[in-house]
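Heads up: the sequence lines are chains F and H, in that order. Per the UniProt record's numbering, the first sequence starts with residue 1, numbered consecutively. Per the UniProt record's numbering, the second sequence starts with residue 1, numbered consecutively. Notes follow once the structure below has been shown.
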Amino acid sequence: MLKAEIYVYLKKSISDPPGIAVLNSLKSLGFDSVEKVRMGKYIVVYLNENDIEKAKEQVKLMCEKLLCNPVMEEYKFKISEE
Amino acid sequence: MKFGVVVFPGSNCDSDCFHVIKDVINEDVEYIWHDYDEKLTGFDCIILPGGFSYGDYLRAGAIARFSKVMPRIEEFAHNGGLVIGICNGFQILTESHLLPGALIRNKNLKFICSDQYVKVVNTNTPFTNLYTKGEVINLPIAHGEGNYVVDEETLKQMIQNQQIVLQYCDKYGNVNDETNPNGSILSIAGVCNKEKNIFGLMPHPERSSEKILGCEDGKRVFLSIVNYLKSR
């Protein structure tokens, strides 16, 4: 069994309203050093697969087809043994 | 002349659209189930209604876009058929890449449910030909993710091709940050594809198609479609 941890996040050029809300909240709590917050999604996919290269290929396809919208989002992932 | 209204599990504006076509503008209309998997023949216009189809927990419209009926709608649209996506229907059309861009969370993070002034920027479409260019109309909006985004290069092409159809404004037609309810780029409320046969908009014209609802400014969207089909 392999575990894919996938991060989906908005492209830098896209404004992030939830990130701005959290930024303001952190500042109001006194965390003055916070300059920017970006929110994203963390998705874990468990694969019945032992070949890491094959798993990478599959996860890439999953991201490109469904998990990420390339118009506004980017993704990265890491795969490990579960 | 026949309309089809797609029903996704979770859609809640399908009945409203059906009612407007059948009882308000008196045209033939049929529901199309989301897993309908046959060629869409005999239809002149397909409506993707609003209302949280399913899969919004990933992105609005992201999972509905893989319904069996969607390749059939693509085929229908590529053959010149008219397709209109309202609210969640618009989100499904962008997720399907039938329309450019994407819709993200409203700038204030709130679900907005209100009347909204909208300017008709392009009347040279099958969906807006009965409006006057620059006309300000009143359409209800009800969405949490109506903030339209698109990359700069695509936006340039969209402007060149006159694909921006509706913009949010105030009652005098002013378009600026203050009159933009959700933060969408250039205050975009509705766009069409280059060929002008696919139209997506966040406001709900079907909810303002009868006087009893307080306003019938949206009715001309559906009458424009009929007008276009008759004159074709």
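No residue lacks a Cβ here, since even glycine has one placed at the ideal position from N, Cα and C.
Residue-level contact to chain A via CB, residue i, 9 angstroms cutoff
i: H:D151; result: In the structure shown, chain A does not exist; the protein chains are F and H.
Best match in the options for proximity to residue i [C-alpha to C-alpha]
i: H:M158; options: H:V69, H:I188 and H:D56; result: H:I188
i: H:E27; options: H:E178, H:K2 and H:E75; result: H:K2
i: F:E74; options: F:E5, F:K27, F:M1 and F:K12; result: F:K12
i: H:D16; options: H:T179, H:G218, H:G200 and H:L99; result: H:G218
i: H:Y36; options: H:S67, H:I225 and H:G144; result: H:S67
i: F:G40; options: F:D51, F:Y7 and F:L61; result: F:Y7
i: H:M202; options: H:G190, H:G173 and H:R72; result: H:G190
i: H:N229; options: H:C192, H:C45 and H:H34; result: One point to set straight first is that residue 229 of chain H is Leu, not Asn, in the sequence displayed. The residue with the shortest Cα to Cα distance from H:L229 is H:C45.
i: H:N180; options: H:D23, H:I141 and H:K211; result: H:I141
i: H:G200; options: H:Q163, H:V226, H:P71 and H:E210; result: H:Q163
i: H:F52; options: H:R72, H:N161 and H:G146; result: H:G146
i: F:P18; options: H:T132, H:L109, H:V175 and H:I212; result: H:L109
i: H:I137; options: H:E216, H:E74 and H:Y54; result: H:E216
i: F:K3; options: F:N48, F:N69 and F:L67; result: F:N48
i: H:C192; options: H:I212, H:T123, H:E30 and H:N174; result: H:T123
Proximity below 9 angstroms, CB of residue i to CB of residue j
i: residue 85 of chain F; j: H:D151; result: Residue 85 of chain F falls outside the range modelled here, since chain F spans only 1 to 82, and no answer is possible.
i: H:N182; j: H:K107; result: yes
i: H:F127; j: H:I84; result: yes
i: H:Y148; j: H:I112; result: no
i: F:V34; j: F:D16; result: no
i: H:L223; j: H:I32; result: no
i: H:K194; j: H:T125; result: no
i: F:E82; j: F:Y42; result: no
i: H:G50; j: H:S11; result: yes
i: H:E206; j: H:H19; result: yes
i: H:G134; j: H:V121; result: yes
i: H:R105; j: H:G144; result: yes
i: F:K65; j: F:I79; result: no
Supposed contact pair residue j and residue i - C-beta distance, whole angstroms, cut 8 angstroms
i: H:H204; j: H:L139; result: 6 angstroms
i: H:R220; j: H:L130; result: 4 angstroms
i: H:L103; j: H:Q116; result: With a Cβ gap of about 16 angstroms, H:L103 and H:Q116 do not count as contacting.
i: H:F76; j: H:L40; result: 4 angstroms
i: H:V69; j: H:V6; result: 6 angstroms
i: H:L48; j: H:I86; result: 7 angstroms
i: H:L58; j: H:I198; result: At roughly 23 angstroms, the Cβ-Cβ gap does not stay under 8 angstroms, so H:L58 and H:I198 are not in contact.
i: F:F31; j: F:V59; result: Incorrect: roughly 34 angstroms between the Cβ atoms, too far for contact.
i: H:E95; j: H:R65; result: 4 angstroms
Near the ligand PLP: residue i beta-carbon under 8 angstroms from a heavy atom
i: H:D44; result: Because no ligand of any kind appears in the structure shown, any question about the ligand PLP cannot be addressed here.
**OP:** Assess, as a yes-or-no matter, whether the region 86-100 of chain H is touched by the region 165-177 of chain H under the definition of 3 or more beta carbon pairs within less than 8 angstroms.
**Re:** no
**OP:** Identify every run of the beta strand (DSSP E) within the region 191-225 of chain H, keeping only runs that are complete inside it and at least 3 residues long; order them along the chain.
**Re:** 198-201
Original post:
What are the start and end residues of each continuous beta strand (DSSP E) run of 3 or more residues lying completely inside the region 120-179 of chain H, in chain order?
Top reply: 136-143, 147-149 and 164-168
**OP:** At 3 residues or longer, and completely inside the region 50-99 of chain H: list those beta strand (DSSP E) runs for me, N to C.
**Re:** 82-86
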